[in-house]
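For reference, the structure discussed in these notes is given below.
2 protein chains.
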Amino acid sequence: MEIIKTIEELKKYRKTTEGKVGFVPTMGHLHDGHLSLMKAAREECNNVIVSIFVNPTQFGPNEDLDAYPRDFERDKRLCEGGSVDCIFYPDVDEMYPREELTIVRVERITQKLCGKTRPTHFQGVTTVVAKLFNIVQPDIAYFGQKDLQQSIVIKRMAEDLNMDIKIKVCPIVREKDGLAMSSRNSYLKENERKAAPVLYESLQKAKGLFEKGENNADKIKETIRNNIEDKVKKEIGNIDYIEIFDTENIDDVKKIKKGNAIALAVFIGKARLIDNIIL
Amino acid sequence: MEIIKTIEELKKYRKTTEGKVGFVPTMGHLHDGHLSLMKAAREECNNVIVSIFVNPTQFGPNEDLDAYPRDFERDKRLCEGGSVDCIFYPDVDEMYPREELTIVRVERITQKLCGKTRPTHFQGVTTVVAKLFNIVQPDIAYFGQKDLQQSIVIKRMAEDLNMDIKIKVCPIVREKDGLAMSSRNSYLKENERKAAPVLYESLQKAKGLFEKGENNADKIKETIRNNIEDKVKKEIGNIDYIEIFDTENIDDVKKIKKGNAIALAVFIGKARLIDNIIL
Chain A
625 MEIIKTIEEL KKYRKTTEGK VGFVPTMGHL HDGHLSLMKA AREECNNVIV
675 SIFVNPTQFG PNEDLDAYPR DFERDKRLCE GGSVDCIFYP DVDEMYPREE
725 LTIVRVERIT QKLCGKTRPT HFQGVTTVVA KLFNIVQPDI AYFGQKDLQQ
775 SIVIKRMAED LNMDIKIKVC PIVREKDGLA MSSRNSYLKE NERKAAPVLY
825 ESLQKAKGLF EKGENNADKI KETIRNNIED KVKKEIGNID YIEIFDTENI
875 DDVKKIKKGN AIALAVFIGK ARLIDNIIL
Chain B
625 MEIIKTIEEL KKYRKTTEGK VGFVPTMGHL HDGHLSLMKA AREECNNVIV
675 SIFVNPTQFG PNEDLDAYPR DFERDKRLCE GGSVDCIFYP DVDEMYPREE
725 LTIVRVERIT QKLCGKTRPT HFQGVTTVVA KLFNIVQPDI AYFGQKDLQQ
775 SIVIKRMAED LNMDIKIKVC PIVREKDGLA MSSRNSYLKE NERKAAPVLY
825 ESLQKAKGLF EKGENNADKI KETIRNNIED KVKKEIGNID YIEIFDTENI
875 DDVKKIKKGN AIALAVFIGK ARLIDNIIL
């Protein structure tokens, strides 16, 4: 497995690869969710490149950039275990050697859901992903459905800008109790961790109602809200949003159809947890 | 010579090319300036692709999108004469099949010079050029120094986003009397056309002063302003800007150094003419 820290070396390496290149962009602190993306890439591609880069431009001024968990030695072992061919592990100066004037922004759909609480987040994501795509030049890039809005935004960017890259979205990987895997779960204290599966549980409840014929979005949101407020004490958590929408334009729906998504974000302790389900 | 109208066909064609691909993006109505770019591409590359696309998103609401001169049959003959391998000639629906949510923007340096009068112009340019780069995937792309700010902005975009494309800027091609070639020169009436070489003449005068030791930017700008106002009657023309700046950050300079640029824009009749010189 190659470990490459500079853009120039990565571009050189890329000239030696043959066949399809699969790319898994990550911020490190890998978990089974990331491993499932590597596995999907391994199955479809001749060469698998994982990037590990905690991108400062996607964190807001009061967010957790400094606290974000990092453990490269552990990540390296996990990549080796996942038969990854190459880790791209640049530092911040390598990715942003001077004032970055260029921004890639997706309008409208980035202002909803997480974009309301994190107004500059997606612009940081799309810009760094565009940079990484140009550096790695993959055939297929893999993203997790856990960050559903992110995957919709990146798909849109790739299509709008005519990028020659297929975007694949892989299913959410969960802990045994249903909590969606996330690097930010490490922020949770014991009692918070116990409360955290309420996101998934509420989504399952909503799904059950929809399958029994309930298609009123407000009613379903109300059920989710009540379920969370019942189970999470105000001292440890509060709801950021619960939204039901179509997965292309992230437009609110009033009458739910198959293929619509329910997404939610809940602050629990120091973590802001997100989860979603496509009906 | 191939004429290709769809993105899918162009991507297919691109898989059949061998060696270096040179790309000349244009809005058509080709003149000797464009031909010099094709010639430079022909000399350096195995394959030369010219795009002809009058990009609506780089025109402001009150600008000349509808009036912009178009003559594809003439352009085709000129490309054939220039030994171009392929013309990419998409229509607007091909390039923008639905609401375009994604924007590529270069901050700060796009708000100066022409950006003051044309605030959304460069965002339209960088977005369409990023799209064209992703479609054509050239090794080298050729731009004219006549649009100096555009070439600085595009270079910056390519560098910031780590695009694997070399940007080459070719010298301005001029009419015998010094007027920089431009598709918009066709808007000029006879008396306006006679006045138009004043841009070049003023730049030459400024260059002469600088070479004689004058490095005060305000004095040089004043000389240019006086020269233009002497020779162009108020009824047919007025100055948009005269600026002296460094060519990386487009920052104003007070004391001129070698390598700085002087650029100006003058409305003459219905045309907004631009010209520049690098000292």
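Line by line, the protein sequences are chains A and B. Per the working numbering, residue 625 is the first one in the first sequence, and the count goes up by one each step. Per the working numbering, residue 625 is the first one in the second sequence, and the count goes up by one each step. Glycine included, every Cβ here is placed at the ideal spot set by N, Cα and C. Keep in mind it's a predicted model, so treat the numbers as computed, not measured.
Listed along chain B, the residues sitting closer than 7 Å to Val730(A) by beta-carbon distance are Leu725 and Thr726. For the pair of segments examined, the stretch 803–818 of chain B was found not to touch the stretch 831–850 of chain B: the number of CB pairs separated by less than 8 Å stays below three.
For Ala754(A), the closest Cβ of chain B is nearer than 8 Å. Among the residues of chain B, none has a CB under 9 Å from the CB of Arg666(A); the nearest is roughly 25 Å distant. Ser675(B) is bridged by DSSP to Pro649(B) and Phe712(B). Taking the C-beta atoms as reference points, Ile733(A) is found no nearer than 8 Å to Leu833(B).
For Lys879(B), the secondary structure class from DSSP, reduced to helix, strand or coil, is strand.
With its beta carbon at least 8 Å from every one in chain B, Lys629(A) lies outside the interface. By the criterion of at least three beta-carbon pairs nearer than 8 Å, the stretch 710–719 of chain A is not in contact with the stretch 706–725 of chain B. Taking Asp864(B) as the centre and dropping the five residues before and after it, the same chain places the C-beta of Thr741, Ala889, Val890, Phe891 and Arg896 closer than 7 Å to its C-beta, in chain order.
According to the DSSP assignment, Cys669(B) belongs to no alpha helix (DSSP H), since it is labelled neither H nor E. For Met805(A), no chain B residue has a Cβ inside 8 Å of its Cβ, as the nearest lies near 29 Å away. Under the DSSP assignment, Ala830(B) falls in the alpha helix (DSSP H) whose first and last residues are Val822 to Glu835. Using beta-carbon distances, Ile733(B) counts as an interface residue toward chain A, with a partner under 8 Å. Pairing His653(A) with Arg701(A) gives a Cβ-Cβ distance that is not under 8 Å. Below the 8 Å Cβ cutoff, chain B contributes Asp788 as neighbours of Lys635(A), in chain order.
Between the C-alpha atoms of Ala691(A) and Phe757(A) there is a straight-line separation of about 27 Å.
When Cβ-Cβ separations below 8 Å define contact, Arg698(B) makes no contact with chain A. Taking Asp876(A) as the centre and dropping the five residues before and after it, the same chain places the C-beta of Ala841, Glu867, Ile868 and Phe869 closer than 8 Å to its C-beta, in chain order. For Thr641(A), same chain residues with a beta-carbon under 8 Å away, outside a window of 5 residues either side, are Asn670, Asn671 and Asp709 in chain order. Residues of chain A with a Cβ closer than 9 Å to the Cβ of Asp771(B) do not exist; the shortest Cβ-Cβ separation is about 18 Å. Our two residues, Asp763(A) and Arg638(A), have alpha carbons roughly 12 Å apart in a direct line.
Residue pairing by DSSP leaves Gly748(A) without any beta bridge partner. Fewer than three pairs of CB atoms, one per stretch, sit closer than 8 Å, so the stretch 675–690 of chain A makes no contact with the stretch 769–789 of chain A. Just so you know, the alpha carbons of Thr744(B) and Val678(B) end up roughly 16 Å apart. Assignment of Glu723(B) by DSSP, reduced to helix, strand and coil, places it in the coil class.
Scanning its chain for C-beta atoms nearer than 7 Å, with the 5 sequence neighbours on each side dropped, one finds around Lys845(A) the residues Ile866 and Ile868, in chain order. At a Cβ-Cβ threshold of 8 Å, Ser675(A) and Val797(A) do not count as neighbours. Around the beta carbon of Met625(B), fewer than 16 other beta carbons sit within 10 angstroms, so the residue counts as exposed.
If you draw a 10 Å sphere on the C-beta of Ile711(A), you find 16 or more other C-beta atoms in it, and that means buried.
Counting along the chain, the unbroken alpha helix (DSSP H) around Asn850(B) starts and ends at Ala841 to Lys855. Within its own chain, the residues whose Cβ lies closer than 6 Å to the Cβ of Ser775(A), once the five positions on either side in sequence are excluded, are Phe767 and Val793, listed in chain order.
Within chain B, the residues Leu785, Asn786, Met787 and Asp788 have their CB atoms less than 7 Å from the CB of Asn758(A), given in chain order. Around Glu704(A), the same chain offers Met625 as residues with beta carbons nearer than 8 Å, after the five sequence neighbours per side are excluded. Between Met662(B) and chain A, the shortest Cβ-Cβ separation is not below 8 Å. The straight-line gap separating the alpha-carbon atoms of Lys636(B) and Phe647(A) is approximately 23 Å.
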